[in-house]
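For the sequence shown, this note's numbering begins at 41 and goes up steadily by one.
Here is the structure we will look at, set down as structure tokens.
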Amino acid sequence: MDERLARTIEERTDELTALAADLIRFPTVNPPGDAYRPCAEFIAERLRKRSFGVEFIRAEGTPGDSDRYPRINVVARFDGRTRGSTVHFNSHIDVVEAGEGWSLDPFAGVMRDGRVYGRGACDMKGGLAASIIAAEAFMDVNPDFPGAIEISGTVDEESGGFGGVAYLAGKGYFSKPKVDHVIIPEPLNKDRICLGHRGVWWAEIETKGEMAHGSMPFLGDCAVRHMGAVIRAFEEELFPALDQKRTRMPVVPEGARRSTMNINAIHGGQTDDYSGLPSPNVPDSCRMVIDRRFLLEETLAEVKDEIVTVLDRLKESRKKFDYTIRDIMEVLPLMTERDAPVAAAVAAGIREVFGREPEYVISPGTYDQKHVTRIGHLHDCIAYGPGILDLAHRPDEWVGIADMVESAKVMAVGLDRLLRGRGR
Ligand SMILES: [Zn+2]
């Protein structure tokens, strides 16, 4: 890669490390959506000093938004000297709760042994820091560059992105002509390009029963036993069938290169938050939340139909069996082409920095790319960033300092290709 650009980034290693640590120190835990405002203001302050124009956009009325926990997003933009295309780096600033099992303070931004530790270190404050340094270094080396660079810090990705990228996409922030190319620095490993993700169908299945005294269950009808029949049918018919379905999508890990379903929760009968003793009741309702992940080769209608077929068969074979299904969330699978401009530009970066071909992957779960594509109708979008995917959401999460530096270089080469067209 360009010698000056590489050196400029290397010289800022300490700055990049400190920036990642500073970002980790904002405990932007979601839910509930803590510290969004100060974190957004911190990013804005940093980029304003580099003459970015900054906007705060609160996603009013979206899930979780309140005066106590406002859904504050920040979008910064720097316009080059002449017109050209716009590259947007989008990072979510929210993190999941720390959980148990940490050997250090998850929000202290501890730097040790070439790593920065903390909740969100790899997912994805390390990626945000790398993209900021990449953009600043690129601007310093190429002060006359054409086009524009945008950097956003958005909220609620971990809970679906409705108060973050979905909201902004609905307002035109992720559409042409404002933006042409989007890079999402999620932790997919520094030499891999993530082209998209599998589809999701979340739904709640409820079995119905009839209440009666628990000492005479034969007078009622137990909804939990009906749900037991549903689980048995899933074990016998559905799970083996899902396991047989393979995809051409390069999903990682390998085990996710097929259809999967998680039984996310089951609730039947009385809640367990009573005080004293429970009263003896036959439950008249049992609810199950399913999390079905599907492939490009499947349609959402087929995915739903599979479940309905199992349940309808139970209705025929099992006395008094009745059920309802309620959709919770639907996301279609998506995959950006490898020769799309942003994928090609980042691939060039990986070749220049690491001297090898990138690995192309698909995420087993979804991320904000879905909103960019579906709501913003922008298809030139990938995820690329430092950090090891398997460390996300784990105790003692960390991001490697050398990894951040190298992926900042890849991002800078990507910028160079997309904005200056160098080497094309
Ligand atoms: Zn993430």
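We treat Cβ as the ideally placed atom computed from N, Cα and C, and that holds for glycine.
Quick caveat, the model's predicted, so the values are computed rather than measured.
Output yes or no for whether 7 Å exceeds the beta carbon distance between residue 233 and residue 453.
As a working note, residue 233 is residue 193 in the sequence shown. As a working note, residue 453 is residue 413 in the sequence shown. No, the Cβ-Cβ distance between residue 233 and residue 453 is not below 7 Å.
Per the DSSP calculation, residue 189 is bridged to which residue(s)?
Position 149 of the sequence shown, counted from the first residue, corresponds to residue 189. According to DSSP, which records beta bridges pairwise, residue 189 is partnered with 118, 127.
Suppose the cutoff is 8 Å on Cβ atoms and the five residues either side in sequence are ignored; what does the same chain contact list for residue 347 look like?
Within the sequence shown, numbered from 1, the residue matching residue 347 stands at position 307. Around residue 347: 243, 245, 278, 330, 332, 365.
With DSSP as the reference, label residue 374 as helix, strand or coil.
The residue given as residue 374 occupies position 334 in the sequence shown. Looking at residue 374 - three-state DSSP - the assignment turns out to be strand.
Quick check on this structure: which residue in 216, 328, 260 has the alpha carbon closest to the alpha carbon of residue 269?
In the sequence shown, the residue the question calls residue 269 occupies position 229. When each option's Cα is compared against that of residue 269, the closest is 328.
Please state whether DSSP places residue 292 in a helix, a strand or coil.
Start at 1 with the first residue of the sequence shown, and residue 292 comes out as number 252. Of the three classes helix, strand and coil, the one that applies to residue 292 here is coil, per DSSP.
What residues in its chain sit with their C-beta under 6 Å from that of residue 464, if we drop five residues either side in the sequence?
As a first step, residue 464 must be located in the sequence shown, where it is residue number 424. Confidence at residue 464 is low in this model, with a pLDDT of 42, below 50, so the placement of that residue is unreliable and no value is reported for it.
Looking only at DSSP bridge pairs, what is residue 419 linked to?
As a first step, residue 419 must be located in the sequence shown, where it is residue number 379. Its beta-bridge partners do not exist; DSSP assigns none.
Roughly how many angstroms separate the alpha carbons of residue 104 and residue 409, rounded to a whole number?
What you label residue 104 is simply residue 64 of the sequence shown in a count that begins at 1. What you label residue 409 is simply residue 369 of the sequence shown in a count that begins at 1. Those two C-alpha atoms are separated by around 21 Å.
Applying the 10 Å Cβ sphere with the 16-neighbour rule, what's the burial state of residue 367?
Indexing the sequence shown from 1 puts residue 367 at position 327. The residue is exposed, with fewer than 16 neighbouring Cβ atoms inside 10 Å.
Kindly indicate which three-state DSSP category residue 464 falls into: helix, strand or coil?
Residue 464 sits at position 424 when you count from the first residue of the sequence shown. In this predicted model, residue 464 has a pLDDT of only 42, less than 50, meaning its place in the structure is not dependable; the value taken from the coordinates is given anyway. In the structure shown, residue 464 sits in coil (DSSP, three-state: anything other than H, G, I, E or B).
Output the boundary residues of the beta strand (DSSP E) element that contains residue 334.
As a working mapping, residue 334 is identified with position 294 in the sequence shown. From DSSP, the beta strand (DSSP E) with residue 334 extends over 325-334.
Measuring alpha carbon to alpha carbon, tell me which of 258, 421, 374, 305 ends up nearest residue 271.
In the sequence shown, counting from the first residue as 1, residue 271 sits at position 231. Ranking the options by Cα distance to residue 271, first place goes to 305.
With DSSP run on the structure shown, which of helix, strand or coil describes residue 201?
Residue 201 sits at position 161 when you count from the first residue of the sequence shown. The answer is coil: DSSP assigns residue 201 none of H, G, I, E or B.
Which residue comes first and which comes last in the alpha helix (DSSP H) that contains residue 44?
Start at 1 with the first residue of the sequence shown, and residue 44 comes out as number 4. First-last of the alpha helix (DSSP H) with residue 44: 43-51.
Within its chain, find whatever has a CB closer than 6 Å to the CB of residue 291; leave out the 5 residues flanking it on each side and keep chain order.
Here residue 291 refers to the residue found at position 251 of the sequence shown. The answer, listed in chain order, is 297, 402, 404.
With distance defined between alpha-carbon atoms, name the residue in 350, 76, 407 nearest to residue 266.
Taking the first residue of the sequence shown as 1, we reach residue 266 at position 226. That would be 350, whose Cα lies nearest to the Cα of residue 266.
Tell me the residue span of the alpha helix (DSSP H) that contains residue 413.
Taking the first residue of the sequence shown as position 1, residue 413 is located at position 373. Run containing residue 413: 409-414, per the alpha helix (DSSP H) assignment.
Can residue 444 be considered in contact with ligand 1, in the sense that its beta carbon sits closer than 6 Å to one or more heavy atoms?
What you label residue 444 is simply residue 404 of the sequence shown in a count that begins at 1. Residue 444 Cβ: outside cutoff for every heavy atom of ligand 1.
Hey, would you say the C-beta of residue 163 is under 6 Å away from at least one heavy atom of ligand 1?
On the sequence shown, residue 163 is found 123 positions in, with the first residue counted as 1. Because some heavy atom of ligand 1 lies under 6 Å away, the Cβ of residue 163 counts as near it: yes.
Taking DSSP as the reference, what is the three-state secondary structure of residue 361?
Taking the sequence shown and counting its residues from 1, one reaches residue 361 at position 321. Note: residue 361 maps to coil in three-state DSSP.
What residue range does the beta strand (DSSP E) around residue 83 cover?
Here residue 83 is taken as the residue at index 43 of the sequence shown, counted from 1. Careful: residue 83 lies outside any beta strand (DSSP E), inside the alpha helix (DSSP H) at 76-89.
Which residues mark the beginning and the end of the alpha helix (DSSP H) in which residue 271 is found?
For the purposes of this step, residue 271 is taken as the residue at position 231 of the sequence shown. Unbroken alpha helix (DSSP H) run through residue 271: 263-273.
Report the CB separation of residue 444 from residue 56 in whole angstroms; it is logged as a contact under 8 Å.
Stepping through the sequence shown from its first residue, residue 444 is reached at position 404. Stepping through the sequence shown from its first residue, residue 56 is reached at position 16. Yes, they are in contact, since the Cβ atoms of residue 444 and residue 56 sit about 6 Å apart, within 8 Å.
Go through its chain and collect everything with a Cβ distance to residue 468's Cβ below 8 Å, but skip five positions before and after it.
The structure shown does not extend to residue 468, since the chain is modelled only from 41 through 464, so no value can be given for it.
Below 6 Å, is the gap between the Cβ of residue 437 and the nearest heavy atom of ligand 1?
The residue labelled residue 437 in the question sits at position 397 within the sequence shown. Not so, every heavy atom of ligand 1 lies at least 6 Å from the Cβ.
Straight-line CA distance for residue 113 to residue 41?
As a position in the sequence shown, residue 113 is number 73, starting the count at 1. As a position in the sequence shown, residue 41 is number 1, starting the count at 1. Going by the C-alpha atoms only, they are around 33 Å apart.
Considering just the uninterrupted stretch of the beta strand (DSSP E) at residue 301, what are its terminal residues?
Indexing the sequence shown from 1 puts residue 301 at position 261. 300-308 is the span of the beta strand (DSSP E), which, as asked, contains residue 301.
Per DSSP, what are the beta-bridge partners of residue 147 in this structure?
Counted from its first residue, the sequence shown places residue 147 at position 107. Residue 147 is not bridged to any residue.
Between which residues of its own chain and residue 139 is the CB-CB distance below 7 Å, once the five residues before and five after are set aside?
Here residue 139 refers to the residue found at position 99 when the sequence shown is read from its first residue. Hits under 7 Å: 435.
Return yes when at least one heavy atom of ligand 1 lies under 6 Å from the C-beta of residue 377, else no.
Your numbering for residue 377 matches position 337 in the sequence shown. Taken from the Cβ of residue 377, every heavy atom of ligand 1 lies 6 Å or farther away.
Between which two residues does the beta strand (DSSP E) harbouring residue 279 extend?
As a working mapping, residue 279 is identified with position 239 in the sequence shown. It is not in any beta strand (DSSP E) - residue 279 instead sits in the alpha helix (DSSP H) that spans 279-283.
DSSP three-state call for residue 55: helix, strand or coil?
The residue given as residue 55 occupies position 15 in the sequence shown. The answer is helix: DSSP assigns residue 55 an H, G or I state.
What residues in its chain sit with their C-beta under 8 Å from that of residue 177, if we drop five residues either side in the sequence?
What you label residue 177 is simply residue 137 of the sequence shown in a count that begins at 1. Counting only Cβ-Cβ distances below 8 Å, and skipping sequence neighbours, we find 45, 48, 49, 52, 448, 452.
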